[in-house]
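Colleague:
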Amino acid sequence: EAQVTQNPRYLITVTGKKLTVTCSQNMNHEYMSWYRQDPGLGLRQIYYSMNVEVTDKGDVPEGYKVSRKEKRNFPLILESPSPNQTSLYFCASGLPGIGQGGEKLFFGSGTQLSVL
Amino acid sequence: AQTVTQSQPEMSVQEAETVTLSCTYDTSESDYYLFWYKQPPSRQMILVIRQEAYKQQNATENRFSVNFQKAAKSFSLKISDSQLGDAAMYFCAYRRNYGGATNKLIFGTGTLLAVQP
């Protein structure tokens, strides 16, 4: 079954304690991305990756890091979480090719993060 | 920069009735796609319908249809014969059709739809 797997589903942590949210896809997609969802703001892109070892900032990258050492995995790293990073996070993967703007993006099931 | 606006934070509809969710967007591009995503309480993001900007015909998927007005930059979603399972947050989204880094989906702020039995 084609899917994007995120873990954990829920996470409560304290300010400053490093954490990693994992994301893995089994569709051999080159493109992967992280979004955060906040009430009244919709979903905003944090980082994206066009392929292995190719990553770039989205609209709200401050306080986050990513890595893409393997095609299937795209972890999101918060080295020193702060309360303003309390949010619902989504990983997504898809096809980045020219003329494929209509292609479906596959989303993970989300990670609800609370930073106390 | 492209923006997507959903001016209705919450909507309510009676079961079996029809409801229309509004979305407007701003772009200087001519080649793009528009989407409606559904997010039920499970938080899963589910693609409901998509519309290519170059297609004049409005997209339909069973009980879901859109009213795409390119000149007005409007993209509303109509849900006919509403069912209890339609209750969810609905997001309107935009994406350029040039691939690469522009694969980014730009989302509106969402409309929370309640369905009354």
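Here the protein sequences line up with chains Z and W, keeping their order. Counting in this note's numbering, the first sequence runs from 1 upward without gaps. Counting in this note's numbering, the second sequence runs from 117 upward without gaps. Note that CB positions come from ideal geometry on N, CA and C, so glycine has one too.
(1) Taking just the CA atoms, how far does residue 30 (chain Z) sit from residue 227 (chain W)?
(2) What alpha helix (DSSP H) runs, 4 residues minimum, are completely inside the region 158–220 of chain W?
(3) I'd like to confirm the pairing. Which residues does DSSP put opposite residue 139 (chain W) in its beta bridges?
(4) Using a 10 Å radius around the Cβ and a threshold of 16 neighbouring Cβ atoms, would you call residue 164 (chain W) buried or exposed?
(5) Compute the distance between the beta-carbons of residue 94 (chain Z) and residue 6 (chain Z), then report whether it is under 8 Å.
(6) May I ask you to list, following chain order, the residues of the region 155–179 of chain W that have a beta carbon less than 8 Å from some beta carbon of chain Z?
(7) Hey, is the region 20–27 of chain Z in contact with the region 35–54 of chain Z, meaning 3+ C-beta pairs nearer than 8 Å?
(8) Under DSSP, the beta strand (DSSP E) around residue 50 (chain Z) begins and ends at which residues?
(9) Where residue 110 (chain Z) and residue 37 (chain Z) are concerned, what is the direct C-alpha to C-alpha distance, given to the nearest angstrom?
(10) Can you pull the chain W neighbours of residue 74 (chain Z), defined as C-beta to C-beta under 9 Å?
Modeller: Considering the structure as presented:
(1) 31 Å
(2) none
(3) Residue 139 (chain W) pairs with nothing; no bridge assigned.
(4) buried
(5) no
(6) 158, 159, 160, 161, 163, 166, 168
(7) no
(8) 42–51
(9) 9 Å
(10) Residues of chain W passing the Cβ test: none, with the nearest at roughly 14 Å.
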